[in-house]
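Numbering (the working numbering), first residue to last: 65 to 405.
We put the CB at the ideal spot given by N, CA and C, even for glycine.
One structure below.
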Amino acid sequence: MAPHHLITSHRVATPDDASERTFSITNTLKLDAKAELDALERGLLAPAASIAPKFFYDALGSTLYNAIVLTPEYYPTRTEAAIFEKFRNEIASVIGTGKQFIDLGSGDSVKAEKWFASLKPSRYVAVDISESAAREALARLAGNVDAPELAGLITDFSSVLDVTPVAQPAATLFFYPGSSIGNFMPDEALWFLKQIRAHCTLPGSGLLIGIDAKKDSARLDAAYDDALGVTSAFNLNTLMNVNRLLGTNFDVRNWQHRGFYNAAMGRIEMHLEAHSAVQVKVRGAVRAFAPGERIHTENSYKYAPEQFRALLVEAGFTEPKLWQDEGKDFNVFYAGISSVG
Ligand SMILES: C[S@@+](CC[C@H](N)C(=O)[O-])C[C@H]1O[C@@H](n2cnc3c(N)ncnc32)[C@H](O)[C@@H]1O
C-alpha cells in the first residue's frame, strides 16, 4: 500500500453496546485534488461547457439522488430492486457465497446490504467519490451485527479504477448497480469494464451490474425531468458544489434544468441552461454564457440487452447471464471469468 494514502479509522458501538466495530476508509482522491479542479475549470471554459457528473455528489447531491429514486417517474431503481428481489436466490446461486464484495459507487450501501444474507460476503468494500456518503453508510452497516468486515475506498474511478489499496487477494464480486455505467460513453464503458475484469484475477470473481434498457422517449424524458423538480434540484446543486470547489459565483436562479432522451445517441442528456446572459468568474477568467447556452452535466446511455452482453464479452467476461423485469425495462447481468488472469 502506498504510504501517502489518507487512511482514517472509525469505531462504531454495536446496537447492544456490548462491543465496538471498527472500519477504515482509505482516501486516494485527495492526491488528485489539483488535477480534478484543473479539469473542472477546463470544462467550464470550453466552447461547449461541461461539468462531469461526479460533481453532483456532495452531501446535498447524494441526498437529492436518494430522493430522485423515490419519485414516481424514476422507474430504474425500483425496477432493478424488483428484479433483485424476484431473482435474488437464483442470482446468488450463480454467484456463490463467501466472496469479497466490492461496491462501485456505493452511495448509501442499501442495495448492497440486501445481498449480505444470500451472498454471505467475506468482506464488504464501499467505493465512492463521496467520503461523507461512504462514511455514513459504513457506520450504519457497522451497527448491523450480520454485516461482514467493512472497508471504504474514496476514489474517482472515472480517472482510473484502482481498488488495490483496499482489496484483498480473494475471489471478488464487483457490484455496479443503478445503471451508473450509462454515465460513460460506450467506448469508456468498455474501458471501465476492462478495468473491472483486470481486477478479477482469482477464480470465482465476476461482476453483477444493472443497466437501463432503451424504451419509449416519453417515459425516459419524464424519468429525468420529474414533476416535483427533484432532478432539477439535483442538477442545479452541482453549481453550488462547483462554487465551493472552484470559487466560482454561479447563481442557481440564473439557470434551469434540462433533461431529455436523445434517441439518435441512445442516451439521456442533462444540461443546465442559462435563462439570460450570465457572466461567471472561473478562477482568473470570466466565462460569458449567452441566453439559452447550456452546460452539459450528464449522459445516461441506455442499452439493448444484446448490446450490453456484447460489451461484457468484449471486456473479457464469459457467459453473461441476464435477468429482466416483465416489461423488459431494465437489465441485470452477472458475468464471470472462465480462467485465472
Ligand atoms: C447514481 S448513485 C448510485 C448509488 C447506489 N450504487 C445505487 O445504485 O443506488 C452513484 C454513486 O456513485 C458515486 N460516484 C459518482 N461518480 C463517481 C466516480 N467518478 N468515482 C467514484 N464514485 C462515483 C456517487 O457519489 C454516488 O454515490
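Within the same chain, Cβ atoms closer than 6 Å to the Cβ of Asn305 are found at Phe119 and Asp122, the five residues on either side in sequence being excluded. In this structure, Pro229 has its CB at a distance of at least 7 Å from all heavy atoms of ligand 1. The beta carbon of Asp96 sits no closer than 7 Å to any heavy atom of ligand 1. Judged by the Cβ position, Ser114 fails to qualify as a neighbour of ligand 1 at the 7 Å threshold, every heavy atom of the ligand being at least this far. Within the segment 242-306, the complete beta strand (DSSP E) runs of at least 3 residues fall at 270-276. In the pairwise beta carbon analysis, the segment 201-217 is classified as touching the segment 185-193: at least three pairs are separated by under 8 Å. No Cβ-Cβ contact shorter than 8 Å links Pro241 with His69. Boundaries of the alpha helix (DSSP H) harbouring Val174: Val174 to Glu177, taken from the DSSP string. Val158 places its beta carbon 8 Å or farther from that of Lys392. The shortest CA-to-CA distance from Gly207 to any of Val76, Arg351, Pro355 and Tyr325 is the one to Val76. A direct Cα-Cα distance of roughly 38 Å separates Pro267 from Ala131.
For ligand 1, a non-hydrogen atom lies closer than 7 Å to the CB of Thr141. Residue burial is scored here from C-beta neighbours: His335 has at least 16 other C-beta atoms within 10 angstroms and is therefore classed as buried. Within the segment 153-219, the alpha helix (DSSP H) runs of at least 4 residues that lie entirely inside it are, in chain order, 174-177, 180-183 and 195-206. Spatial neighbours of Ala146 in its own chain (CB-CB distance under 7 Å, excluding positions within 5 residues in sequence) are listed in chain order as Asp389.
Taking C-beta separations shorter than 8 Å and ignoring five residues to either side along the sequence, the partners of Leu254 in its chain run Leu375, Glu378 and Ala379, following chain order. With a cut-off of 7 Å, the C-beta of Ser170 is classified as near ligand 1, since at least one heavy atom of the ligand falls inside that distance. Residue pairing of Phe238 in beta bridges, as defined by DSSP: Ile166 and Leu271. Counting along the chain, the unbroken alpha helix (DSSP H) around Gly125 starts and ends at Ala123 to Ile132. It is roughly 33 Å from the alpha-carbon of Glu144 to the alpha-carbon of Asp96. Gln164 places its beta carbon less than 8 Å from that of Thr236. With a minimum length of 3 residues, the unbroken runs of beta strand (DSSP E) contained wholly in the segment 337-391 fall at 342-346, 349-353, 358-365 and 382-388.
Asn301 is a Cβ neighbour of Leu128, given a cutoff of 8 Å.
Cβ atoms of Arg322 and Arg351 stay farther apart than 8 Å, at about 19 Å.
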